[in-house]
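Per full-length UniProt numbering, numbering through the sequence shown is continuous, rising by one, with the last residue being 354. Report on one structure; see the data block that follows.
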Amino acid sequence: MLTIHLILLLIQTVYMSFNSSMIHDYSCYYNAANYWLKGLSLYSGCFVYLPQSAIFFTPLSILPPQLFLIIWKIILIIALYSSLFKILEFFKITTRKKLFMFFGITLLVAQGPLTQGQADILMISCMIFAIAAWYDEKYTKCAFLLCFSVFLDPLAIVFMGLMFLFHRQLQFKIICFSLFFILFPYIISNVNYVNQEYIELILRYRFLSSPQFPHVFNLFFLFTNSNISDYAQFIIRLIFSILTIVFSWQVKKKIDNRLFPFFLYMLSSLYMLLFNPHVESHHSLILIVVALPFIISQMKTIDTPLLTLIFIINLFLYIWQKIFLNSMLQPIPVLIVCATSFYLLKSIRHYEQI
Numbered sequence: 001m002l003t004i005h006l007i008l009l010l011i012q013t014v015y016m017s018f019n020s021s022m023i024h025d026y027s028c029y030y031n032a033a034n035y036w037l038k039g040l041s042l043y044s045g046c047f048v049y050l051p052q053s054a055i056f057f058t059p060l061s062i063l064p065p066q067l068f069l070i071i072w073k074i075i076l077i078i079a080l081y082s083s084l085f086k087i088l089e090f091f092k093i094t095t096r097k098k099l100f101m102f103f104g105i106t107l108l109v110a111q112g113p114l115t116q117g118q119a120d121i122l123m124i125s126c127m128i129f130a131i132a133a134w135y136d137e138k139y140t141k142c143a144f145l146l147c148f149s150v151f152l153d154p155l156a157i158v159f160m161g162l163m164f165l166f167h168r169q170l171q172f173k174i175i176c177f178s179l180f181f182i183l184f185p186y187i188i189s190n191v192n193y194v195n196q197e198y199i200e201l202i203l204r205y206r207f208l209s210s211p212q213f214p215h216v217f218n219l220f221f222l223f224t225n226s227n228i229s230d231y232a233q234f235i236i237r238l239i240f241s242i243l244t245i246v247f248s249w250q251v252k253k254k255i256d257n258r259l260f261p262f263f264l265y266m267l268s269s270l271y272m273l274l275f276n277p278h279v280e281s282h283h284s285l286i287l288i289v290v291a292l293p294f295i296i297s298q299m300k301t302i303d304t305p306l307l308t309l310i311f312i313i314n315l316f317l318y319i320w321q322k323i324f325l326n327s328m329l330q331p332i333p334v335l336i337v338c339a340t341s342f343y344l345l346k347s348i349r350h351y352e353q354i
């Protein structure tokens, strides 16, 4: 199955490299990197990430667009597969049916981000390997990967924040790496230009919170035809961020210390999916890569009807994302995944196989 998937991805990559109409997020990263090199605004197009993310792509931006697409796609494939195998190692999933279930679901959900070339996959990989580094007591590596994941894609900031709060070994290292990443653009570029890009980034994120983009708050608008004000959204996010920290603190006293980073990963992913200003159904991959192996590892047997049901559900997630692209209905499958994962958080403390 994995070989077939890789062959199909290779064919898709070659096809996309000669079909500019299918270059989705690839063009956003490619153009942003070139804008940075030319001192132009990063946020005049579709780019919504930190300036550091644009800098990350600058070495590849000197290549022709088609070659950039191929190399970036290869990077994403390597990141996806390496993180999936690392998760299998964590949860000790070895039987054929469990492996088929794990890869069948995750690869299907990952198809959207892979096709569009989204950095989410590399961000997920960095977070997974940060947990692995923490588990091996390589705290400097862990802190670097956490910071890198945030500056690559800000969605990871909740996970980094929770790891910072609950692991003293990481705190000083995360502060140092964060300062390095924040100051690095000033070292290689004009101060006024960098300041302007940070200001434009803030304005861009405020725009993302508008009713024009799919996120959970806009479901309220969809069904009631009335908006939740930015101030109310801020208060709700603040309250739930405090509850997230309190919940984590309570669980830390009861859970096996080896499991706690996985718990923080799942909880931070839940928060991000519920309160991120731009949510699409394929973002559920962030939760699925950890929640799914936990479920599978707890199953004594997996029968064919169960495999079929789960495959159909995830096929629904994939089709939903395609049909309702940029629609206010995008977050609905995400809410389903979040509800399931929240239920799992209550039982993860009893997991003893790692």
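Backbone N, C-alpha and C define an ideal beta-carbon position, used for all residues, glycine too.
C-beta contact flag for residue i and residue j at 8 angstroms
i    : j    : result
I174 : C147 : yes
Q111 : Y139 : no
M160 : P261 : no
I296 : F102 : yes
F56  : C28  : no
M266 : A291 : yes
I288 : V158 : no
Q118 : D256 : no
L88  : W72  : no
Y193 : G39  : yes
Y43  : E200 : yes
Y135 : R237 : no
L264 : S248 : yes
L145 : F166 : no
Distance, residue j Cα to residue i Cα
i           : j    : result
T58         : F177 : 20 angstroms
A79         : Q66  : 20 angstroms
S83         : N276 : 23 angstroms
Q171        : K86  : 25 angstroms
I354        : T106 : With a pLDDT of 43 at I354, under the threshold of 50, the modelled position of this residue cannot be trusted; read the value that follows with caution. Roughly 21 angstroms separates the two Cα atoms.
R204        : Q250 : 36 angstroms
V150        : Y198 : 15 angstroms
S241        : I62  : 41 angstroms
F234        : L155 : 17 angstroms
I75         : L69  : 10 angstroms
P64         : A132 : 35 angstroms
S41         : L152 : 18 angstroms
V246        : P293 : 26 angstroms
A143        : E137 : 11 angstroms
S269        : G104 : 21 angstroms
T244        : D230 : 21 angstroms
T94         : N190 : 52 angstroms
L99         : T115 : 23 angstroms
residue 358 : K253 : An answer regarding residue 358 cannot be provided, because it is not within the stretch 1 to 354 covered by the chain.
Y271        : N31  : 31 angstroms
residue 355 : F180 : In the structure displayed, the chain extends from 1 to 354; residue 355 sits before or after that span and is not available.
Residue i - DSSP class collapsed to helix/strand/coil
i    : result
D256 : coil
S189 : coil
T94  : coil
Y30  : helix
P64  : coil
L50  : coil
Q118 : coil
Y35  : helix
Y205 : helix
D230 : helix
G161 : helix
T244 : helix
S41  : coil
H283 : helix
D136 : coil
D153 : coil
N195 : helix
Residue i at chain D interface by Cβ criterion, 8 angstroms
i    : result
L267 : Given the protein chain composition of this structure (a single chain), no chain D is represented.
beta-carbon residue i near the ligand HEM non-hydrogen atom, thresh 7 angstroms
i    : result
L292 : As far as ligands go, the structure on display features none, and thus does not contain the ligand HEM.
Examine the Cβ distances between the stretch 79-92 and the stretch 120-127 and report whether three or more of them are shorter than 8 angstroms.
By the C-beta criterion, the stretch 79-92 is judged to be in contact with the stretch 120-127, since at least 3 inter-stretch pairs fall below 8 angstroms.
Under 8 angstroms: do the stretch 46-53 and the stretch 184-203 share three or more Cβ pairs, one atom per stretch?
A contact between stretches requires three or more CB pairs, one per stretch, nearer than 8 angstroms, and the stretch 46-53 meets this requirement with the stretch 184-203.
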